[in-house]
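A.B. asks:
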């Protein structure tokens, strides 16, 4: 398996070697590697953790070996999977072990339930460090734990999508994952984040990267259709539509797994798992701001507003003083 995981050290050189090539016509193919490493992005609070906990549980129930890694400083990816219980993060555990002169072991940071192996990278204390840098440090620790030698069918990475830079953009920038899955709803802000991720994918494809977007999961779907219209516009498929449903909301709030054959929602997550497995990493066509706004009714977004330029007098307010004019005024003859 070691040879099947992207080599991060070689990637910078590969970018230099391929930078002169015209990559606009790259044809995406279905992944052939045994291990599919998939990064999931979405706006904070949009339901990535809910989606991933249930998806990973269903995949494991179907006989797949699944590793779920939370890559969000909030460390909430695994909370649903573990019934609301927070598991020790890799960064926090590493710091404590280092102070004690001990080495971190797998059992200190990786836990399992229902056949799913799961861990959290964690992040720095509030105001005491960079979350993105914490993610990079977390992956360095994963390598020391033997990440490249692990044997899984799927590695699911849960990333914060609001910020696609530094450590949060690592899977896209360094070809760590084969494909990206977006989670969004029928609202402008979540689709704005999804569009930003598409822009990041497109940017690194131009530089020689190979990561593509597998598709969109519409969460809390109220049937209004904006998310589906976005998927069509950027040329990616809809992998699943999870309805806005009070039963789902209550079960999620109570840390109940619904991604199981025993649940009435099991078939939905089984279908999502099948779609995730076969979806090829396609190259998206991100929208410009106006095109994104046009997915919504102008009365809801203010998209019909005409920009009114400000003047210097406007900016000075009460401090504005008349400026002497150099215009020559002639008296009437």
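In the numbering used here, the protein residues as written are 1 to 333.
Think of the CB as a built atom: it goes at the ideal place given N, C-alpha and C, for glycine as much as any other residue.
For the region 219–298, list the beta strand (DSSP E) runs that are entirely contained and at least 3 residues long, ordered along the chain.
C.D. replies: Qualifying beta strand (DSSP E) stretches, in chain order: 238–243.
A.B. asks: Taking the alpha-carbon of residue 258 as reference, which of 34, 35, 58, 116 has the nearest alpha-carbon?
C.D. replies: That would be 58, whose Cα lies nearest to the Cα of residue 258.
A.B. asks: Quick check on the DSSP output: the beta strand (DSSP E) that includes residue 193 runs from which residue to which?
C.D. replies: Per DSSP, residue 193 belongs to no beta strand (DSSP E); it is in the alpha helix (DSSP H), 188–206.
A.B. asks: Applying the 10 Å Cβ sphere with the 16-neighbour rule, what's the burial state of residue 48?
C.D. replies: buried
A.B. asks: Taking residue 109 as part of the alpha helix (DSSP H), name the residues at either end of that continuous run.
C.D. replies: 106–109
A.B. asks: If residue 66 and residue 56 are in contact, beta carbons under 8 Å, what's the gap, nearest whole angstrom?
C.D. replies: 5 Å
A.B. asks: May I ask you to report which of helix, strand or coil DSSP gives residue 113?
C.D. replies: DSSP places residue 113 in strand when its eight states are reduced to three.
A.B. asks: Would you be able to state if there are at least three C-beta pairs under 8 Å between the region 185–200 and the region 93–103?
C.D. replies: no
A.B. asks: Only counting the same chain, and skipping five residues up and downstream in sequence, which positions put a Cβ closer than 8 Å to that of residue 62?
C.D. replies: 270, 273
A.B. asks: Are there 16 or more other CB atoms within 10 angstroms of the CB of residue 284, so buried, or fewer, so exposed?
C.D. replies: buried
A.B. asks: Are there 16 or more other CB atoms within 10 angstroms of the CB of residue 51, so buried, or fewer, so exposed?
C.D. replies: buried
A.B. asks: Starting from the C-beta of residue 201, find all residues in its chain whose C-beta is less than 7 Å away, skip the five residues before and the five after it, and write them out in chain order.
C.D. replies: 172, 180, 211, 212, 213, 284
A.B. asks: Measuring CB to CB, does residue 88 end up less than 8 Å from residue 108?
C.D. replies: yes
A.B. asks: Using alpha carbons as the reference points, say which of 40, 38, 46 lies closest to residue 221.
C.D. replies: 46
A.B. asks: Determine the burial state of residue 54: buried for a count of at least 16 other Cβ atoms within 10 Å of its Cβ, exposed for fewer.
C.D. replies: buried
A.B. asks: Determine the extent of the alpha helix (DSSP H) in which residue 80 is found, giving its start and end residues.
C.D. replies: Note, residue 80: premise wrong, no alpha helix (DSSP H); not H, not E.
A.B. asks: Report yes or no: do three or more beta-carbon pairs, one from the region 215–232 and one from the region 251–265, lie closer than 8 Å?
C.D. replies: With the cut-off at 8 Å, the region 215–232 and the region 251–265 do not touch.
A.B. asks: In this structure, what does DSSP give as the bridge partners for residue 158?
C.D. replies: Beta bridge pairing from DSSP links residue 158 with 40, 70.
A.B. asks: Check whether the Cβ atoms of residue 216 and residue 279 sit closer than 8 Å, and answer yes or no.
C.D. replies: no
A.B. asks: In whole angstroms, what separates the C-alpha of residue 314 from that of residue 74?
C.D. replies: 43 Å
A.B. asks: Distance, Cα to Cα, residue 243 vs residue 318?
C.D. replies: 53 Å
A.B. asks: Using DSSP with H/G/I as helix, E/B as strand and the rest coil, what is residue 181?
C.D. replies: strand
A.B. asks: Might you give, ordered along the chain, the residues of its own chain that have their beta carbon closer than 7 Å to the beta carbon of residue 177, omitting 5 neighbours on each side?
C.D. replies: In its chain, beyond the 5 residues on either side, 37, 38, 39, 157, 171, 211 have a beta carbon closer than 7 Å to the beta carbon of residue 177.
A.B. asks: So the candidates are 119, 84, 112, 60; which of them puts its Cα closest to the Cα of residue 92?
C.D. replies: If we check each option's Cα against that of residue 92, 119 comes out closest.
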